[in-house]
Structure formats: structure tokens, C-alpha cells
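Undergrad: Sending over a structure as C-alpha cells; questions will come in a sec.
Residue numbers (our numbering): 2 to 185.
Set out below in C-alpha cells:
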């Protein structure tokens with residue numbers, strides 16, 4: 002098997018750091034910056050809005066970076082729920098890989114959260130000043146994840162669910178993120 006630059010040695014294990022890339026793939030740089038603008042380290046506070054009316058707060062970090070030759074953006078999210086209701090997980094870990102598809106002028110996104118046993122796919126597009134990811138959850142209901150109020154050093158994010166095919170939407174989660182060390 003060969004890559005574009007050299008053969009892969011079958012006796013050598015690939016190194017995870019080879020997944021990382023310093024920046025965007027030059028031919029698609031303008032399109033890639035939709036999510037590339039988040040590259041770096043972020044801290045967040047979050048509020049979960051549960052169907053029974055209860056809420057839970059969380060704090061954590063999100064780390065965004067370029068991968069796969071700069072053709073994709075991956076984030077790794079970790080968090081601790083500060084006041085979990087009974088049966089609600091206390092910690093969370095997840096990762097999302099996003100890549101731009103010029104054939105549909107949109108992004109394919111895959112969210113993986115092992116502790117929750119979730120794998121979820123989305124299609125993302127810029128809509129006005131927001132970035133909207135649309136997909137279906139494990140139960141088959143419509144879901145939207147929305148980046149809003151985006152600045153170089155902050156963004157808000159919300160998860161919405163519709164159980165009536167998009168007629169009404171319920172807020173599931175809200176995140177307020179701030180860049181860590183914005184001068185770097």
C-alpha cells in the first residue's frame with residue numbers, strides 16, 4: 002500500500018501524531034475555514050435541558066485540530082457534569098470528525114461518544130451567521146447542532162431535537178465556549 006509520498010512500512014506501527022496536520026489543505030482552504038476557525042483549545046460551560054424539566058450543568062474543554070493532511074477538522078471534547086440528576090452520567094468524552102465535500106457544498110460530520118454508546122452523523126452548512134449540523138439521533142428523531150454568536154475567541158452552541166418531523170424543536174443542551182490562550 003502506498004500513500005502519495007512514500008510507502009507505508011508494514012513492520013512499523015502508525016503513530017497517532019501522524020493524524021495531525023498544521024493547517025488546512027490549500028486547495029480547499031476557504032471552504033475548510035468554516036470549521037477551521039475553531040482550531041485550538043477551548044473551555045466551556047454547558048446546561049442540559051432534560052425532558053422531565055430538570056437541568057444539569059457541566060464544564061469541560063474542547064480541542065479542535067486539523068487532521069488527514071488538512072482535509073478534515075477533529076475535535077475532542079471532555080467534560081464533567083457538576084450536578085447530575087440520578088441516572089445521568091457524571092463525565093463525558095466524545096470526538097467529531099468533519100470534512101468538506103465540494104460535490105454537495107456541505108460538510109459530513111461524525112460524532113462518536115463511547116461512554117454514551119453513540120455514533121451520529123450530520124451534514125453541516127453555513128446558514129446566515131450560524132453553522133447548522135443536521136442529522137437524526139439513535140431514535141430516528143431530527144436533531145440540529147448549531148454554532149452561533151461566533152467570534153475569534155468565543156462561540157455558543159445548542160443542540161435541538163424535533164419529535165414531530167421538524168414542526169417544533171426542543172432545546173436539549175446549550176454550550177458557551179471561550180478560547181483558551183487566545184493570543185497564541
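Glycine residues also receive a C-beta, built at the ideal position from the N, C-alpha and C atoms. All of these numbers come straight from a predicted model, not from anything done at the bench.
1. Who are the Cβ neighbours of residue 189 in its own chain at under 8 Å, not counting the five residues just before and after it?
2. Should the region 132-148 be called in touch with the region 164-175, which here means at least 3 C-beta pairs below 8 Å?
3. Figure out for me which residue from 106, 39 and 78 has the closest Cα to the Cα of residue 115.
4. Taking just the CA atoms, how far does residue 110 sit from residue 134?
5. Could you give the distance in angstroms between the alpha-carbon of residue 32 and the alpha-carbon of residue 91?
6. Compute the Euclidean distance between the alpha carbons of residue 57 and residue 177, then round it to the nearest angstrom.
7. Return the CA-CA distance between residue 101 and residue 66, expressed in angstroms with no decimal places.
8. Can you tell which of 123, 46 and 41 has the C-alpha that lies nearest to the C-alpha of residue 132?
9. Do the CB positions of residue 157 and residue 180 come within less than 8 Å of each other?
10. Looking only at its chain, what residues have a beta carbon closer than 6 Å to the beta carbon of residue 6, apart from the 5 residues adjacent to it on each side?
11. Which of the three DSSP states is assigned to residue 40 in this structure?
12. Between the C-alpha atoms of residue 127 and residue 36, what's the straight-line distance to the nearest angstrom?
13. In angstroms, rounded to a whole number, what distance separates the CA positions of residue 97 and residue 125?
14. Do residue 175 and residue 47 have their CB atoms nearer than 8 Å?
15. Just to confirm, are residue 103 and residue 71 a CB contact at a threshold of 8 Å?
16. Just to confirm, is the Cβ distance from residue 59 to residue 82 under 8 Å?
17. Within its chain, find whatever has a CB closer than 7 Å to the CB of residue 12; leave out the 5 residues flanking it on each side and keep chain order.
18. For residue 35, does the three-state DSSP call read helix, strand or coil?
19. Can you tell me where the beta strand (DSSP E) with residue 122 in it begins and where it stops?
20. Going by other Cβ atoms of all chains shown within 10 Å of its Cβ, with 16 needed for buried, is residue 1 buried or exposed?
TA: With the structure as the only source:
1. A query on residue 189 cannot be resolved here, the shown segment of the chain reaching from 2 to 185 and no further.
2. yes
3. Looking up residue 115 in the chain shown gives position 114. Cα-wise, what sits closest to residue 115 is 78.
4. Position 133 of the chain shown, counting from 1, holds the residue named residue 134. Position 109 of the chain shown, counting from 1, holds the residue named residue 110. Answer to the nearest angstrom: the Cα atoms are 8 Å apart.
5. The count along the chain shown starts at 1 and reaches residue 32 at position 31. The count along the chain shown starts at 1 and reaches residue 91 at position 90. Straight-line Cα distance between these residues: approximately 37 Å.
6. Here the question's residue 57 lines up with position 56 in the chain shown. Here the question's residue 177 lines up with position 176 in the chain shown. Roughly 14 Å separates the two Cα atoms.
7. On the chain shown, position 100 is the one that residue 101 refers to. On the chain shown, position 65 is the one that residue 66 refers to. Near 15 Å, if we compare the C-alpha coordinates of residue 66 and residue 101.
8. As a first step, residue 132 is located in the chain shown; it is residue number 131 there, counting from the start. When only C-alpha atoms are compared, the closest one is 123.
9. Within the chain shown, numbered from 1, the residue matching residue 157 stands at position 156. Within the chain shown, numbered from 1, the residue matching residue 180 stands at position 179. Against a cut-off of 8 Å, the Cβ pair of residue 180 and residue 157 comes out as no contact.
10. For the purposes of this step, residue 6 is taken as the residue at position 5 of the chain shown. The predicted model places residue 6 with a pLDDT of 41, which falls under 50 and marks its position as unreliable; any figure quoted below should be read in that light. Around residue 6: no qualifying Cβ.
11. Against the chain shown, residue 40 aligns to sequence position 39. Residue 40 falls in the coil class under three-state DSSP.
12. On the chain shown, position 126 is the one that residue 127 refers to. On the chain shown, position 35 is the one that residue 36 refers to. Approximately 10 Å, taken between the alpha carbons.
13. The count along the chain shown starts at 1 and reaches residue 97 at position 96. The count along the chain shown starts at 1 and reaches residue 125 at position 124. Residue 97 and residue 125: Cα-Cα distance of roughly 12 Å.
14. Position 174 of the chain shown, counting from 1, holds the residue named residue 175. Position 46 of the chain shown, counting from 1, holds the residue named residue 47. Yes, Cβ-Cβ distance for residue 175 and residue 47 is below 8 Å.
15. In the chain shown, counting from the first residue as 1, residue 103 sits at position 102. In the chain shown, counting from the first residue as 1, residue 71 sits at position 70. No, Cβ-Cβ distance for residue 103 and residue 71 is not below 8 Å.
16. Position 58 of the chain shown, counted from the first residue, corresponds to residue 59. Position 81 of the chain shown, counted from the first residue, corresponds to residue 82. Yes, the pair counts as a contact, with Cβ atoms nearer than the cut-off.
17. As a first step, residue 12 must be located in the chain shown, where it is residue number 11. Reliability of the predicted coordinates at residue 12 is poor, the pLDDT of 49 falling under 50, and the value obtained from them is presented with this limitation in mind. Within the same chain, residue 12 has no close Cβ partners at all.
18. In the chain shown, the residue the question calls residue 35 occupies position 34. Residue 35 falls in the helix class under three-state DSSP.
19. As a working note, residue 122 is residue 121 in the chain shown. Note, residue 122: beta strand (DSSP E), 119-128.
20. Residue 1 lies beyond the range of the chain shown here (2 to 185); nothing can be said about it.
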